[in-house]
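Engineer: What follows is a single structure, and I will ask about it in a moment.
There are 2 protein chains.
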Amino acid sequence: MKLSNTSEYALRILCFMAKDENRLYSAKYLIDELKISDKYLRRLMTDLTKAGFITSIQGRDGGYKFLKGSGEIYLADVINAVEGMDKYTGCSLGFCECSDKNPCVMHSTWVPVRTEFLKAFTTKTIKDLDIMTVTKY
Amino acid sequence: MKLSNTSEYALRILCFMAKDENRLYSAKYLIDELKISDKYLRRLMTDLTKAGFITSIQGRDGGYKFLKGSGEIYLADVINAVEGMDKYTGCSLGFCECSDKNPCVMHSTWVPVRTEFLKAFTTKTIKDLDIMTVTKY
DNA sequence: ATAAAATATTACTTCAAAGTAGCATTTAAT
DNA sequence: ATTAAATGCTACTTTGAAGTAATATTTTAT
């Protein structure tokens, strides 16, 4: 019920960048502002670039900027880009074959929790978060 | 959004035992039925014993049986006994100081998910799960 | 052309959760 | 008493996520 560090970072990066959506951000600046380690952030930026959310500009005066609008990037898309949603949407007891038809002992209890999770992550975009009113990124 | 293996095992063990609530279960039997490794299950049994859910009977013909009724053991109690609920109830982005008053960027999105999680785990007991109608433990 | 400042990639290290091994302890049946 | 069959404890190993190091590549300013 907590996201992995990897997904945390990915969301924090995009939310932070969305504050000033058309700006170009260098990795150095993001590292300083978000307190994420150098190499780890860079690796995530590559994933986010490959997913098409942002684009990277190489060379001197390069950096990253949005390719898609922050209102088009769903939270689930971000998780999928960096680690996959499977871990978050699977059976709570880890059974591969768990469904309404063939449920585990926790299934009916877990469904409402998962439903609420999926609702949040598949209907909300980066833009829908409290980007402007908040100080924690 | 998936429980740790440790919590999975703890819940599965108690649910399985609750099918025949007054029976004495040996570790060997539970290991065979639940396909949990020997030493790991035994360690968990010790935690569950210390938490007062079950009691262990040492010596030949020993084993484990319920001390509390399965209807008195809340799911959150089980998690607390083996690893603690903090991991599951904290801020989704990992901020220590995240609250309604001082929220992170995900806070308002995450609250309904966490609320649903807490509702399930603090209001349901082992007995409330689908113990009798299900084949997966 | 060269240097500077940025991103990209690959391989390595660290850490905590998960899992394993071995031995100590307890108790009932014989 | 002895043995067998169970639990209890402590230390070790493995594994995957997280984090780090070193180097290559790209592009602009001079």
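So the sequence lines, in the order shown, correspond to chains W and V.
With the first sequence counted from 1, adding 3 to any position gets you my numbering.
With the second sequence counted from 1, adding 3 to any position gets you my numbering.
For glycine and all other residues, C-beta sits at the position ideal for the given N, C-alpha and C.
None of the values given here were measured: they were computed from a predicted structure.
1. How about V:Leu-37 and V:Phe-19: are their beta carbons less than 8 Å apart?
2. Within a Cβ cutoff of 8 Å, which residues of the same chain sit near V:Met-88, ignoring the five residues on either side of it in sequence?
3. Look at W:Ala-54 and W:Ala-21 and say whether their C-beta atoms are less than 8 Å apart.
4. Determine the extent of the beta strand (DSSP E) in which V:Tyr-67 is found, giving its start and end residues.
5. Using a Cβ-Cβ cutoff of less than 6 Å, which residues in the same chain neighbour W:Leu-96 once the five nearest sequence positions on both sides are dropped?
6. Pull up the DSSP beta-bridge partners for V:Ser-59, would you.
7. Do V:Leu-70 and V:Thr-58 have their beta-carbon atoms positioned less than 8 Å apart in this structure?
8. Check whether the Cβ atoms of V:Arg-26 and W:Met-4 lie closer than 8 Å to each other.
9. Straight-line CA distance for W:Leu-17 to V:Gly-74?
10. Nearest-angstrom Cα distance between V:Leu-51 and V:Ala-13?
11. Please list the partners that W:Ala-79 has in chain V, where partner means a Cβ-to-Cβ separation under 9 Å.
12. Would you please verify whether the beta carbon of V:Phe-69 is less than 8 Å from any beta carbon of chain W?
13. List the residues of chain W that V:Ala-13 touches, going by C-beta distances under 9 Å, in chain order.
14. Determine the closest residue to V:Gly-62 out of V:Ala-30, V:Ser-111, V:Asp-35, V:Lys-90, with distance taken between C-alpha atoms.
Structural biologist: Taking the structure as given:
1. Indexing the second sequence from 1 puts residue 37 of chain V at position 34. Indexing the second sequence from 1 puts residue 19 of chain V at position 16. In this structure, V:Leu-37 places its C-beta atom within 8 Å of the C-beta atom of V:Phe-19.
2. On the second sequence, residue 88 of chain V is found 85 positions in, with the first residue counted as 1. The beta carbon of V:Met-88 sits closer than 8 Å to the beta carbons of Ala-79, Ile-82, Phe-124 from its chain, once the five residues preceding and following it are set aside; these are given in chain order.
3. In the first sequence, residue 54 of chain W corresponds to position 51, counting from 1. In the first sequence, residue 21 of chain W corresponds to position 18, counting from 1. Contact: no.
4. Start at 1 with the first residue of the second sequence, and residue 67 of chain V comes out as number 64. First-last of the beta strand (DSSP E) with V:Tyr-67: 66–69.
5. Taking the first sequence and counting its residues from 1, the one referred to as residue 96 of chain W is at position 93. Cβ within range, chain order: Cys-107, Met-109.
6. Numbered from its first residue, the second sequence carries residue 59 of chain V at position 56. In the DSSP assignment, V:Ser-59 is bridged to V:Tyr-67.
7. As a first step, residue 58 of chain V must be located in the second sequence, where it is residue number 55. As a first step, residue 70 of chain V must be located in the second sequence, where it is residue number 67. For V:Thr-58 and V:Leu-70, yes; Cβs fall inside 8 Å.
8. Within the second sequence, the letter at position 23 stands for residue 26 of chain V. Within the first sequence, the letter at position 1 stands for residue 4 of chain W. Cβ distance not < 8 Å, so V:Arg-26 and W:Met-4 don't count as in contact.
9. For the purposes of this step, residue 17 of chain W is taken as the residue at position 14 of the first sequence. For the purposes of this step, residue 74 of chain V is taken as the residue at position 71 of the second sequence. Straight-line spacing of the CA atoms in W:Leu-17 and V:Gly-74 works out to 45 Å.
10. Mapped onto the second sequence, residue 51 of chain V falls at position 48. Mapped onto the second sequence, residue 13 of chain V falls at position 10. Those two C-alpha atoms are separated by around 8 Å.
11. Along the first sequence, one-based indexing puts residue 79 of chain W at 76. Within chain V, no residue comes near W:Ala-79; the closest Cβ sits about 12 Å away, beyond 9 Å.
12. For this step, residue 69 of chain V is matched to residue 66 along the second sequence. Judged by the 8 Å Cβ criterion, V:Phe-69 is not in contact with chain W.
13. One-based indexing of the second sequence puts residue 13 of chain V at position 10. Below the 9 Å Cβ cutoff, chain W contributes no neighbours of V:Ala-13, its closest Cβ being approximately 11 Å away.
14. Position 59 of the second sequence, counted from the start, is the residue given in the question as residue 62 of chain V. The candidate whose alpha carbon is nearest that of V:Gly-62 is V:Ala-30.
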